[in-house]
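Numbering (our numbering), first residue to last: 958 to 1125.
Think of the CB as a built atom: it goes at the ideal place given N, C-alpha and C, for glycine as much as any other residue.
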């Protein structure tokens, strides 16, 4: 797989990837997550215009996975990473995370951060295998606290969630 910047005309495809990837949440009793709408085009556009959006493409240059990030408290924060089920379990998510780590390093950021479900196998346990560690509540930066508050307001705290950090 090749990783490259997202092109503006591909932004609707990111929503399709997120919908397809989200279906797996039905299988683990989280239908609200599976049926949740993908990130809006406006948010995807802002990340793309900021140079913080990448796709993994197949050999025909068609996107099969994506990652978008934002700057939070001096680090790069993984806002969303989704892999189409047809391309899952091939290391594509890790490639995208490594691309973000390269970007963060080039910008002088000390770490990557993210928020995720603690008990979903392809969430916190996966990110731990990719070099992220759990943050205690007293380790959260102001920006991470605001993100967690938004997530709680959206109802995501119905399931156990955490913040994680990968030092670069």
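Looking at the unbroken alpha helix (DSSP H) that takes in residue 990, where does it start and where does it end? 988–991
Ignoring anything shorter than 3 residues, give me the beta strand (DSSP E) runs that lie fully in the region 1047–1077, in order along the chain. 1068–1074
By Cβ distance below 6 Å, which residues in the same chain neighbour residue 1116 in space, the five residues on each side in sequence not counted? 1074
Whole-angstrom distance between residue 1120 and residue 958, CA atom to CA atom: 28 Å
Would you list, in sequence order, the uninterrupted alpha helix (DSSP H) runs of no fewer than 4 residues that lie entirely inside the region 967–1030? 968–979, 988–991 and 998–1006
Does any heavy atom of the ligand FAD sit closer than 8 Å to the C-beta of residue 963? Within the structure as shown, the ligand FAD is missing, as the structure has no ligands at all.
Note down, in chain order, each residue of its chain lying with its Cβ closer than 6 Å to the Cβ of residue 1014, except the 5 sequence neighbours on either side. 959 and 1020
Whole angstroms are fine: how far does the CA of residue 1010 sit from the CA of residue 995? 15 Å
For residue 1045, name the three-state secondary structure that DSSP assigns. coil
Using three-state DSSP, classify residue 1092 as helix, strand or coil. strand
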